[in-house]
Structures are given as C-alpha cells and as structure tokens.
Amino acid sequence: MSDTKPVSAAVIVGGSGAIAQALAAKWATDPALSVYVLSRSEIELSGARTMVTDYSDSSLARIATDIASTGISLSRMVVTNGMLSNDSVRPERKVGDLSADNFEAIMSINALLPMRAIAAFWALIRQSEMPRIAVLSARVGSLGDNKLGGWYSYRASKAALNMMMKCAAIEVRRSNKQAKMIVYHPGTVDSSLSKPFQRSVPEGKLFTPDFSAAQLIDILNQAEADGELAYLDWAGETIPW
Ligand SMILES: NC(=O)c1ccc[n+]([C@@H]2O[C@H](COP(=O)([O-])OP(=O)(O)OC[C@H]3O[C@@H](n4cnc5c(N)ncnc54)[C@H](OP(=O)(O)O)[C@@H]3O)[C@@H](O)[C@H]2O)c1
Numbered sequence: 001m002s003d004t005k006p007v008s009a010a011v012i013v014g015g016s017g018a019i020a021q022a023l024a025a026k027w028a029t030d031p032a033l034s035v036y037v038l039s040r041s042e043i044e045l046s047g048a049r050t051m052v053t054d055y056s057d058s059s060l061a062r063i064a065t066d067i068a069s070t071g072i073s074l075s076r077m078v079v080t081n082g083m084l085s086n087d088s089v090r091p092e093r094k095v096g097d098l099s100a101d102n103f104e105a106i107m108s109i110n111a112l113l114p115m116r117a118i119a120a121f122w123a124l125i126r127q128s129e130m131p132r133i134a135v136l137s138a139r140v141g142s143l144g145d146n147k148l149g150g151w152y153s154y155r156a157s158k159a160a161l162n163m164m165m166k167c168a169a170i171e172v173r174r175s176n177k178q179a180k181m182i183v184y185h186p187g188t189v190d191s192s193l194s195k196p197f198q199r200s201v202p203e204g205k206l207f208t209p210d211f212s213a214a215q216l217i218d219i220l221n222q223a224e225a226d227g228e229l230a231y232l233d234w235a236g237e238t239i240p241w
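Each residue of the sequence shown is one higher than the one before, counting from 1 in this note's numbering.
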C-alpha cells in the first residue's frame with residue numbers, strides 16, 4: 001500500500017463494461033487517483049469505490065454530490081454506456097427495419113444517458129482543475145466516414161452524442177478554460193457489445209479492452225485544453241465529423 005493520498009478523482013460510468021473495467025483496473029493502481037465506478041450492478045473492483053445507480057437524475061445527482069462533498073477535484077471522467085443490440089434489438093440493415101421503440105431505447109442509452117451523467121457532474125467539471133472528460137462514442141457516428149450505411153439507430157445515437165458533447169465543450173470553455181472534452185472511438189474491442197459482430201473484423205483488428213483503455217488513458221493524459229471537442233480514435237487520430 002502506498003502512503004500517497006489521492007489528489008483527484010477519476011469517475012467511470014457504466015462500470016460493468018469491458019472497456020470500463022480495464023480502465024478502472026489501470027487507474028486503481030495510480031495512488032494519485034480516487035477511483036469511483038458507477039454501474040447498474042454490484043461489481044467488485046479492487047482499489048475502486050463502486051456505486052450502484054439506476055441512472056435516474058436523482059441517483060446521479062446524489063452520487064455527484066457525495067463525491068463533490070469530499071472536496072476532491074475531478075481530473076478524469078469517462079462515460080462508457082452504450083448498447084448496440086440485445087435479445088430483441090438488432091442493428092438495422094435497411095430503412096424498413098427502423099422501429100420507434102428500438103430507436104428510442106438506443107438513443108436513450110447511447111446519447112441521453114451519457115449527457116445526463118455529465119450534467120450531474122457539471123458543477124464539479126466547471127470547478128475542477130484540468131478535468132479531462134471523455135465519452136465512448138464510435139467511428140460509425142461520423143457522417144463523413146459513413147461508407148457502408150446500416151445501423152441507423154446506433155449511428156444516429158453516436159452522432160447525437162457527438163453533437164451534444166460539442167455543445168458541452170462550448171459551454172464549459174466559458175467557465176473552465178482548463179477543461180477538455182473528448183469523444184473517443186475505442187476501435188473494435190472484444191466485449192459483449194461487439195461479440196455478435198466480430199466475424200467480419202479483419203485479423204489483428206479486434207483489440208483487447210486493456211489495449212483500448214490504455215490508449216484512452218494516454219490520450220487523456222496528453223490532451224490539452226483548447227476549448228474544442230476532440231473526436232479521436234484509439235490511435236489518437238482525429239475522425240471527421
Ligand atoms: N466494443 C466495441 O467494439 C466498441 C466499438 C465502438 C464503440 N464502442 C462503445 O464503447 C462503449 C463501451 O463498450 P464495451 O465494448 O465496453 O461494451 P460492454 O462491455 O457491453 O459495456 C457496455 C456498458 O454500457 C452500459 N449499458 C448497457 N446497457 C445499458 C442500459 N440498458 N442502460 C444503461 N447502461 C447500459 C453498461 O453499464 P452498467 O455497468 O451500468 O451495466 C456497460 O457498462 C459503448 O458506448 C460502445 O458503444 C464499443
């Protein structure tokens with residue numbers, strides 16, 4: 001055990017996910033960080049404080065208030081929540097596959113939930129020294145990069161998330177010039193989200209959660225506050241909007 005007292009907080013939302021767990025495991029070894037992991041489920045993570053939430057506004061606000069009351073600065077926040085498919089939802093292949101219920105579910109989890117989480121922590125983001133805030137987006141949310149079509153709702157949800165993060169980046173630079181917002185494409189990562197779609201992934205292009213989390217940590221550590229939203233992939237390359 002190190003005697004070093006944590007100097008800042010790192011918050012991970014969507015903590016049961018593969019990328020989130022890899023991120024938490026890495027940050028938990030950093031004695032300068034107090035790591036908080038929010039999830040719908042009870043999870044055990046050595047070196048991190050896990051907090052169960054139903055992601056209601058009231059629950060998120062309570063957690064953010066608890067963390068703020070420690071007086072600690074928020075240096076890192078990563079929101080990882082995302083859904084591509086489940087037993088009843090399949091990504092659309094054609095426009096006729098669109099369903100209002102599925103669209104609303106995907107939008108709510110992939111676009112609105114991350115922004116509600118950021119809203120709950122907004123006061124801390126505004127007040128903290130050099131906060132680095134990332135949400136897990138995806139390259140398929142890029143209009144410029146869309147060459148294959150399909151996956152209407154998932155693509156739209158990530159594009160909507162990117163737009164709302166752009167608004168947040170503009171808003172935060174008025175009150176905290178040291179803040180930096182990033183929308184991150186982790187690559188195709190071996191997780192339950194990608195599992196049903198891994199067959200078409202080229203050899204060597206399916207990353208481990210560990211690799212993608214390490215890349216994100218480096219990107220966050222190197223990010224400079226320039227008042228702009230960055231849309232970056234795992235290699236740190238900018239993705240066209
Ligand atoms: N894996 C890839 O290839 C890939 C590629 C591009 C982008 N991404 C993005 O990266 C992020 C993390 O993906 P992952 O691969 O780590 O996926 P994962 O292991 O399936 O984790 C998904 C996370 O989303 C949350 N989530 C799922 N359904 C939810 C629901 N109904 N309500 C609230 N939260 C829900 C879960 O949070 P709880 O802990 O609260 O359950 C879980 O932690 C996602 O946003 C995904 O879109 C992944």
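We put the beta carbon where it would ideally sit given N, CA and C, even for glycine. Bear in mind that the values here come from a model prediction, so they are computed numbers and not experimental data.
Assuming the contact rule is C-beta atoms closer than 8 Å, residue i and residue j should be a hit. Round their C-beta distance to whole Å, please.
| i | j | result |
| --- | --- | --- |
| L183 | V135 | Looking at the sequence itself, residue 183 is Val, so the reference to Leu does not match. So it is a contact: roughly 6 Å between Cβ atoms. |
| G82 | N102 | Actually they do not touch by this definition, with Cβ atoms about 15 Å apart. |
| I67 | T53 | Actually they are not in contact, since the Cβ atoms of I67 and T53 sit about 12 Å apart, beyond 8 Å. |
| T188 | L206 | 6 Å |
| A61 | A120 | 5 Å |
Less than 7 Å between the CB of residue i and some heavy atom of ligand 1, yes or no?
| i | result |
| --- | --- |
| R40 | yes |
| M181 | no |
| Y55 | yes |
| M83 | yes |
| P240 | no |
| I170 | no |
| I109 | yes |
| L193 | yes |
| T188 | yes |
| L113 | yes |
Measuring CA to CA, which of the options is closest to residue i?
| i | options | result |
| --- | --- | --- |
| R40 | G15, A230 and W27 | G15 |
| K5 | I72, A20 and V11 | I72 |
| D210 | L23, G47 and G204 | L23 |
| Y55 | L113, A225 and R49 | L113 |
| V89 | S75, Y152 and G204 | Y152 |
| V240 | S85, Q21, S142 and Y36 | Just to set this straight, residue 240 is Pro in the shown sequence, not Val. Answer by Cα proximity: S142. |
Report buried or exposed for residue i, applying the criterion of at least 16 other Cβ atoms within 10 angstroms of its Cβ.
| i | result |
| --- | --- |
| E42 | exposed |
| R132 | buried |
| G144 | exposed |
| L98 | exposed |
| M1 | Note on M1: pLDDT 46, under 50, position unreliable in the model; the coordinate value appears next. M1 is exposed by the Cβ-count criterion. |
| Q178 | exposed |
| R155 | buried |
| R199 | exposed |
Per the DSSP calculation, residue i is bridged to which residue(s)?
| i | result |
| --- | --- |
| V135 | V79 and V183 |
| V189 | F207 |
| S34 | A9 |
| Y231 | V183 |
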